[in-house]
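Okay, so the sequence shown: first residue is 7 according to the numbering used here, each after it adds one.
Ideal placement from N, C-alpha and C gives every residue a C-beta, glycine not left out.
In what follows, a structure is listed as structure tokens, so that the remarks can point back to it.
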Amino acid sequence: MTGEPKQAAPHSRGEAWRAQLLAAARSKRSRFRAARARHLLSTALVPALLLLTLTLVATGALRSPERLPWPALAGAFLVVLALPLNLAARAIRGRRRWGAWRFDGTGERQLELGALLLCAAWVVIEVLGSELHALVYVIVAAWAGLKSSRLVIPLVAIALLFEVASLYHSPALLPNVALQTIFVLLFAALYGLLSGAEVVRARRVEREALSARIRTAEEQAIALRLDPELGAAPEEVRAHTAIAAAGEIESAISSALDVMELALGAEGCAVYLLSPDGKYLRLHDGRSTDRKLRRDPIPATDGLLGFVVSNGGPLASGEAPVERGVNWYEDGRGVSHFAMAPLLAGGESGALRGLLLVDRTTPGPFSERERELLALQAAQILRTIDFQRDFSSMKRLRDEKERLFDALRELNATMMPADVIKVALAKACTAGALDFVAITGVEEQDGLLFHQIIATTEEHQALKGKRWPDNGGLVSDALHFERPWPVREKRTISGMVVFDDTTKLHGLESLKVFPLRTGKRHLGTLVAGTERRGAFDLDLVATLEVLALQTAQSLERASLFEQMEQMATTDGLTGLLNHRTFQGRLEEELKLAQRYGRTLSILLTDIDHFKRVNDTYGHPMGDTVLRGVARILKRTARETDAVSRYGGEEFCVVMPETNLSGATTIAERIRREVERATFETPEGPLQVTISIGLATWRPPGLSKQELIDRADQCLYHAKHSGRNRTVSELPLSDPSP
């Protein structure tokens, strides 16, 4: 067949799909290249215009308007035109994203705008004269108000660069330029300080407003009895609980007042709440068409409001004279009809929380049906208050349980007694917002019990370490009676003995002492105090009891762990590190010495003729000598040295960062101390001597075993050359005498 060949169709749908993907990828790459080109152009445009303006200023090409060369005129036109174009581009971007072009947008665009403003200002100054130099001050001052060094410093630097450029054409203007430079810096500094002070003031006002809002919410929450324990909660808990709960109730009360205005035609309506002590009524929310409601505290016994408080029931005009007793307005006249419904918690027999009132001048007295609606709205307000009270109480209990569980987890995770005490102290302070917490320990000495304060809050650190014998104080009684003490909270604790007669706690209104015990073993007490009276309710006492019980168990477990660790790492007879721990400590110190290029010395010592001591005085006396020599070694060595029992009557001291001279000094001091020591025996005083071998590691040094072998050979040389001496640095190849 003749004719042009047909175009091959795709063999499958997969090929067509791949072709579409390739086309989309090419389109995406082309759009990306175009966007990158636009970005590079916009990024390079401002520096180019800045360089152009600096050139025009430095050459003075714009200072003769009557004979401007066309290149200078074109450059000036471009600089001035760039500013409105930049603002227009910002406006277009702002239609898509408002924050992109507004004054507090991104810093780079703000800096671009500032640079363009300076360029345009200098073009105007060069063309029209230096009398307009104040434009520079205005621009710098405006940017100094941003209080961002990332924006202000570069812009001030650009302004100073223009000042310097103006000198290139006219060096004689140096005094004027110097003065203008000083003015630029002064304007930037002064406006920066002023704006900074304004920012600080605004933040202070904002904090004060927030604090006032929190205080108002807390007062309203307390007045509404939302949570009787709100005052005992931590500050952040009080703030969140009070604001959230009071906000919900305010919304409910406002809705109820709206209903009263619309449904009853009330010209005035308000909710007054009774103070916790029952002495005053205070306006919570209200509105009136043309009269001013009283916002000052109203005595709960005055006027018609006082009648409702004392009677505890509803009241309306017709049941009481209207002419006298209208005390909810600043001007008590002009009320024709009113109705009041009490806010009774728990129904008609409940405690009075406040009252809801409405009044009007027309169309007549409130009917029975309208008063029923008023009572329904009062009940609705009470239901909202009760719900928020229950919700706040449940939330507080949940938060307390979470804090308690968190404390139990941390106590169970600690393995050292000091860490247990630290965690228990912190968790007890936060459990009930306590102002004073102390943990005491107890020990028996010569058949007598002694108490000691082992930890306390930061403000009472002077009490730490206080020790006293068992007495009739609260701490002693809590241990003896094995229960929180005192059982009932006293009116004052200023005259009570908490620890001993000489220790007084001032400023506390409530205090409890919780025993720390496991089984029949008493470990001490947890002392908790607060400046609030009546703070230790049943929930807080139960929480602290659980915390004290867990603290005691954690202390017992940590003590057992410490004992096991001590048994695993120390020698049972002398209390020094055992041989296994010595090997690990030497290896650790040797690695540090190798890493940092430091010296390390070890000391091996042996009690001379120790077998003769055992044979002559018996093995018990030999153990006494071993313990005595161990005490001398421990006392004479430095705190950073590791003293261990090497085996039998041999001891070893690892001395980090110690050269041969320093190690010899320490060894000789130990040898003389042992030589002077006297041990009493039935046969008379006994004195022993020791022989010491020293070896020092220096970079690159020996291995661990080679270092021990060198010290052992030095010790061997000391014993075979007369004993009671120190020998060091004996080469391994030397024959032993």
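query, result
"With 16 other Cβ atoms within 10 Å as the buried cut-off, status of F109", "Unreliable positioning characterises F109 in this predicted model, as indicated by a pLDDT of 37, which lies under 50. The coordinate reading is nonetheless provided below. So F109 ends up on the exposed side."
"Pairwise C-alpha distance: G603 and K710", "15 Å"
"Beta-carbon proximity list for L280, same chain, < 7 Å, skipping 5 on both sides", "L287, A306, V315, L358, R359 and G360"
"Rounded straight-line distance, which links the Cα of A701 to that of V660", "10 Å"
"Under 9 Å between C-beta atoms of A484 and K470", "no"
"Boundaries (first-last residue) of the alpha helix (DSSP H) holding L632", "H625 to T642"
"Cβ contact (3+ pairs, closer than 8 Å) linking the segment 615 to 629 and the segment 638 to 646", "no"
"Inter-residue spacing [alpha-carbon to alpha-carbon] between S560 and P706", "47 Å"
"V86 and L58 closer than 9 Å at C-beta", "no"
"Beta-bridge pairing of M661 - partner residues as DSSP gives them", "S607"
"Short Cβ contact (9 Å threshold) for H457 with P475", "yes"
"V277 (DSSP reduced to helix, strand or coil)", "strand"
"Beta-carbon contacts of S565 that lie in its chain and below 8 Å, excluding the five residues immediately before and after", "P423"
"Status (buried if at least 16 other CB within 10 Å, exposed otherwise) for T144", "The sequence shown places Val at residue 144, rather than the Thr named in the question. By the neighbour-count rule (16 or more Cβ atoms within 10 Å), V144 is not buried but exposed."
"Beta-bridge pairing of H290 - partner residues as DSSP gives them", "Answer is none; H290 lacks a bridge partner."
"Contacting residues, own chain, Cβ-Cβ under 7 Å from G356 (five flanking each side not counted)", "L350"
"At least 3 beta-carbon pairs within less than 8 Å: the segment 546 to 560 vs the segment 571 to 590", "no"
"CA nearest to the CA of V52, picked from A599, I164 and E132", "I164"
"Where F393 falls: helix, strand or coil (DSSP)", "helix"
"Inter-residue CB distance, L546 and V649 (contact presumed, cutoff 8 Å)", "Going by Cβ atoms, the distance from L546 to V649 rounds to 49 Å, so no, they are not a contact pair."
"8 Å Cβ shell around E689 - same chain, five flanking residues per side excluded", "T622 and Y623"
"Whole-Å CB distance - T420 paired with V429, under 8 Å assumed", "6 Å"
"In chain order, each beta strand (DSSP E) run of at least 3 residues that lies wholly inside the segment 304 to 375", "343 to 350 and 358 to 366"
"R731 (DSSP reduced to helix, strand or coil)", "coil"
"V443 - partner residues in DSSP beta bridges", "A534"
"Assigned exposure category for P369 - 16 Cβ within 10 Å defines buried", "exposed"
"Range of the contiguous beta strand (DSSP E) that encloses P691", "G690 to L692"
"Contacting residues, own chain, Cβ-Cβ under 6 Å from M266 (five flanking each side not counted)", "A272, C275 and V364"
"Whole-Å CB distance - L606 paired with E595, under 8 Å assumed", "6 Å"
"L382 burial status per 10 Å Cβ neighbour count (16 or more: buried)", "exposed"
"Selection from H615, V443 and N477 that minimises the alpha carbon distance to Q467", "V443"
"Bounding residues of the beta strand (DSSP E) (the contiguous stretch that carries T524)", "S516 to T524"
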